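K.L.:
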Amino acid sequence: MLRDESITRENAYSDLFIDSATLEAYIQKESVPADKADRMREFYIVRNNQFAWFTSAGITEQARGLWSLSESSAEEVKTKPSGRLQERMDSLLTGDSAAMAKQKPSSLPDTATRVNNQDTTTATVSSTAVDSLRSTAGNGAGLFSQADTALVQTELALTAHFVTLATETQGPVTADNFYWLVPRKRMDALQLADSLLNKAADSSFWQNNAQYAALKNSLGTYYNAAKNGGWPTVGAVAGMRKGVQAPAVVQLKKRLAASGDYPATDTTLVYSDSLLTAIKSVQERFGLQPTGLVNDSLIQELNVPAEERVKQILVNMNRALWLQPHTDSSRIFINIPTQQLVVYGDSGKIMSMPVIVGKEGTGTMAFNDAITTVVFNPTWNIPESIVRNEIMPKMKNDPAYLKKNNMEIVSQNDSIPQVRQ
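Encoded structure:
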């Protein structure tokens, strides 16, 4: 395996690097088996020793995907992650303070790694984890530092577990994609989209990933729009509804035609039945109520630049790569950004309903799993971070807060009560 010396600090996906001596010390200390140790060495050689799971700004989307895959593959994996790594990742991913895992705004990884733009992803990092991983050296410009021993050990432990998933499971991480699934270089969004769309064929695994395939199928429309200068913005047309005749209707039709949502041949001034159908379809895709009424929320979504939509699709294509693909037409899909649950059956979509998801900073992780039990009206043991940061201040201001919200204290953990709803 040859070292990729074209990776530099200027174009590397992560701005943190690890030296070979530290890697060898970890392998010796943890008694890593020879074949697994070789994989780890090769992994960092092709990355020119840059970190895979952290940047100075925080934990990356790929680390979140890896850990979600680890949990969904728990029964299949013989070599479990250590309790120490489990504790660290639980702390990093379910804590109470947020850190953005960002790269430069215009950057995306290279085609060899086929990964997402980090600009729109938020990683959750608890205060405890931050204290243990924060650099004690350097200028304090970033959240994490390669000089921090705890961070380095977590990085290497994740890589060791990554090797385990590649060798002990039949999931998305394989010996074939092991080296490129995690980003190596930054790359412009349109360049990455072009490389994906012009690729002769994806691996059989990705071809069988319906979610990935659907996103890739949509990518071409948005890529072509962005490459050709984007689409026209929609002005002050709020309140428009079926039957209206106005020049602004033409403006709306042109915008929808640019994204493939309406025939470009219709340039009349009338808000027709066909336009109503198109508007409702677009509203549903954006997670809005499909009323057919053109309101501020719809205009805001329509005016998101085409290149930004390309980035969002690339982000979610990469997220799909880390998920076990579903093989059953009957499934429940949670759209986290729109806070909607959608039920699918053999004939397609059956129903949808609003659901509660984690807010920014305590976000819900992406995962696939089988439903084995349904509990009606379950109690909720509220996480300690929510009790500390949200409920306790409200209890202080209102002694009857718990009773008003159907909550109760079931035990006491030091100074933090365990609250159930």
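Take the sequence shown: its position 148, counting from 1, is numbered 805 in the numbering used here, and each next residue is one higher.
Glycine included, C-beta positions come from ideal geometry on N, C-alpha and C.
Every value quoted in this text rests on a predicted model; they were computed, and no experiment measured them.
#1: Give me the Cα-Cα distance between N1046 and S852, rounded to the nearest whole angstrom.
#2: Along the chain, where does the alpha helix (DSSP H) containing L854 start, and where does it finish?
#3: For I993, count the other beta carbons within 10 Å of its own beta carbon; 16 or more makes it buried, fewer makes it exposed. Which is it?
#4: Would you mind working out which of L998, H818 and A714 sits nearest I1007, comparing C-alpha positions?
#5: Could you compute how far the alpha carbon of N1054 sits from the alpha carbon of R843?
#6: In the DSSP assignment, find the beta strand (DSSP E) that holds E1065 and state where it starts and stops.
#7: Taking the C-alpha atoms as reference points, what is the distance between Y1001 and L726?
#8: Assuming Q908 is part of the alpha helix (DSSP H), what are its boundary residues?
#9: If you reduce the DSSP assignment to three classes, tell me which class P1074 lands in.
#10: Do K737 and E825 have their C-beta atoms closer together than 8 Å?
#11: Cα separation between A817 and Q743?
#12: Take S1068 as the anchor and find which of N1038, V689 and E667 has the nearest alpha-carbon.
#13: Going by the CB atoms, is the gap between L723 and M697 shorter than 8 Å?
#14: Would you call the CB atoms of L913 and V939 closer than 8 Å?
#15: For the beta strand (DSSP E) that Y880 lies in, which residues bound it at each end?
#16: Where does Q707 fall in DSSP's three states?
#17: Taking only the alpha-carbon atoms, compute the straight-line gap between T779 and G715 and give it to the nearest angstrom.
#18: Is M897 buried or exposed, if buried means 16 or more other CB atoms sit within 10 Å of its CB?
#19: Just reading off the beta strand (DSSP E) that N992 is part of, what are its end residues?
#20: Have a look at T821 and A814 and give me their C-alpha separation to the nearest angstrom.
#21: For E958 and F943, which I take to be in contact (beta-carbon distance under 8 Å), what is that distance rounded to the nearest angstrom?
#22: Keeping to the same chain, check which residues put their C-beta closer than 8 Å to that of Q624; ignore five residues upstream and five downstream.
#23: Restricting to Cα atoms, I'd like to know which of V1076, R741 and L876 is closest to N975.
#24: For M1010, does the three-state DSSP call read helix, strand or coil?
#25: With DSSP as the reference, identify every bridge partner of A963, one or two as the case may be.
#26: In whole angstroms, what is the alpha-carbon distance linking P1061 and A921?
#27: As a quick exercise: from R666, A823, A1057 and I1048, pick the residue whose alpha carbon is nearest that of Q1075.
#28: Whole angstroms is fine: what's the gap from L765's alpha carbon to T665's?
#29: Within 10 Å of its beta-carbon, does Q707 have 16 or more other beta-carbons around it, so buried, or fewer, so exposed?
#30: Smallest Cα separation from W837: which of Q719, D747 and S748?
#31: Consult DSSP for A669 and reduce its assignment to one of helix, strand or coil.
#32: With burial defined as no fewer than 16 other Cβ atoms inside 10 Å of the residue's Cβ, what is the status of I1013: buried or exposed?
#33: Quick one: Cα of A669 to Cα of S713, how far?
#34: Compare the beta carbon distance of A905 and A882 with 8 Å and say whether it is the shorter of the two.
#35: Is it buried or exposed, E812, if we count other Cβ atoms within 10 angstroms and call 16 or more buried?
#36: Quick check on the burial criterion: 16 or more other C-beta atoms within 10 angstroms. Buried or exposed for S1042?
P.N.:
Quick look at the numbers:
#1: Here the question's residue 1046 lines up with position 389 in the sequence shown. Here the question's residue 852 lines up with position 195 in the sequence shown. Roughly 45 Å separates the two Cα atoms.
#2: Residue numbering aside, residue 854 sits at position 197 when the sequence shown is read from its first letter. Per DSSP, L854 belongs to the alpha helix (DSSP H) from A846 to L854.
#3: If you number the sequence shown from 1, residue 993 lands on position 336. Exposed is the call here.
#4: Walking along the sequence shown from the start, residue 1007 turns up at place 350. Comparing Cα-Cα distances from I1007 to each of L998, H818 and A714, the minimum goes to L998.
#5: Locating residue 1054 in the sequence shown gives position 397, where the first residue counts as 1. Locating residue 843 in the sequence shown gives position 186, where the first residue counts as 1. One C-alpha to the other measures close to 48 Å.
#6: Within the sequence shown, residue 1065 is the residue found at index 408, counting from 1. Taken as a continuous stretch (DSSP letters only), the beta strand (DSSP E) holding E1065 covers E1065 to N1070.
#7: Within the sequence shown, the letter at position 344 stands for residue 1001. Within the sequence shown, the letter at position 69 stands for residue 726. Spanning the two alpha carbons is a distance of roughly 23 Å.
#8: For the purposes of this step, residue 908 is identified with residue 251 of the sequence shown, where counting begins at 1. Here the alpha helix (DSSP H) through Q908 covers P904 to A915.
#9: Position 417 of the sequence shown holds residue 1074. Note: P1074 maps to strand in three-state DSSP.
#10: Residue mapping note: residue 737 aligns to position 80 of the sequence shown, counting from 1. Residue mapping note: residue 825 aligns to position 168 of the sequence shown, counting from 1. For K737 and E825, no; Cβs fall outside 8 Å.
#11: To locate residue 817, count along the sequence shown from 1; it is residue 160. To locate residue 743, count along the sequence shown from 1; it is residue 86. Going from the Cα of A817 to the Cα of Q743 covers about 13 Å.
#12: For the purposes of this step, residue 1068 is taken as residue 411 along the sequence shown, with counting starting at 1. Among N1038, V689 and E667, the Cα nearest to that of S1068 is on N1038.
#13: What you label residue 697 is simply residue 40 of the sequence shown in a count that begins at 1. What you label residue 723 is simply residue 66 of the sequence shown in a count that begins at 1. No, the pair does not count as a contact, with Cβ atoms beyond the cut-off.
#14: Position 256 of the sequence shown holds residue 913. Position 282 of the sequence shown holds residue 939. Result yes, Cβ atoms of L913 and V939 sit closer than 8 Å.
#15: Residue 880 sits at position 223 when you count from the first residue of the sequence shown. Counting along the chain, Y880 falls outside any beta strand (DSSP E), though it belongs to the alpha helix (DSSP H) covering A867 to K884.
#16: By 1-based counting over the sequence shown, the position of residue 707 is 50. Strand at Q707.
#17: Taking the first residue of the sequence shown as position 1, residue 779 is located at position 122. Taking the first residue of the sequence shown as position 1, residue 715 is located at position 58. In this prediction, T779 scores a pLDDT of 31, lower than 50, which makes its location untrustworthy; the coordinate-derived value is nonetheless stated afterwards. Straight-line Cα distance between these residues: approximately 9 Å.
#18: Translated into the one-based positions of the sequence shown, residue 897 becomes position 240. By the 10 Å Cβ count, M897 comes out buried.
#19: Here residue 992 is taken as the residue at index 335 of the sequence shown, counted from 1. R988 to N992 is the span of the beta strand (DSSP E), which, as asked, contains N992.
#20: If you number the sequence shown from 1, residue 821 lands on position 164. If you number the sequence shown from 1, residue 814 lands on position 157. Rounded to whole angstroms, T821 to A814 spans 11 Å at the Cα level.
#21: For this step, residue 958 is matched to residue 301 along the sequence shown. For this step, residue 943 is matched to residue 286 along the sequence shown. With 8 Å as the limit, E958 and F943 qualify as a contact, their Cβ atoms being about 4 Å apart.
#22: Only positions 658 to 1078 of the chain appear in this structure, which leaves residue 624 out of reach.
#23: As a first step, residue 975 must be located in the sequence shown, where it is residue number 318. Nearest of V1076, R741 and L876 to N975, Cα basis: L876.
#24: As a working mapping, residue 1010 is identified with position 353 in the sequence shown. M1010 falls in the strand class under three-state DSSP.
#25: By 1-based counting over the sequence shown, the position of residue 963 is 306. According to DSSP, which records beta bridges pairwise, A963 is partnered with nothing at all.
#26: Position 404 of the sequence shown, counting from 1, holds the residue named residue 1061. Position 264 of the sequence shown, counting from 1, holds the residue named residue 921. At residue 1061 the sequence reads Lys, which differs from the Pro that was named. Approximately 55 Å between the Cα atoms of the pair.
#27: The residue given as residue 1075 occupies position 418 in the sequence shown. When only C-alpha atoms are compared, the closest one is I1048.
#28: Looking up residue 765 in the sequence shown gives position 108. Looking up residue 665 in the sequence shown gives position 8. Residue placement at L765 is flagged as unreliable, the pLDDT there being 42, under the threshold of 50; the coordinate-derived value follows with that caveat. Each residue's alpha carbon lies about 15 Å from the other.
#29: To locate residue 707, count along the sequence shown from 1; it is residue 50. Under this definition Q707 is a buried residue.
#30: Residue 837 sits at position 180 when you count from the first residue of the sequence shown. Of the listed residues, the one whose Cα sits closest to W837 is Q719.
#31: If you number the sequence shown from 1, residue 669 lands on position 12. Three-state DSSP puts A669 in a strand.
#32: In the sequence shown, the residue the question calls residue 1013 occupies position 356. I1013 should be labelled exposed.
#33: Numbered from its first residue, the sequence shown carries residue 669 at position 12. Numbered from its first residue, the sequence shown carries residue 713 at position 56. Straight across, the Cα-Cα distance linking A669 with S713 is about 12 Å.
#34: In the sequence shown, the residue the question calls residue 905 occupies position 248. In the sequence shown, the residue the question calls residue 882 occupies position 225. In this structure, A882 does not lie closer than 8 Å to A905 by Cβ.
#35: Counting from 1 along the sequence shown, the entry for residue 812 is found at position 155. With 16 or more Cβ atoms within 10 Å of its Cβ, E812 is classed as buried.
#36: Here residue 1042 refers to the residue found at position 385 when the sequence shown is read from its first residue. Result: buried.
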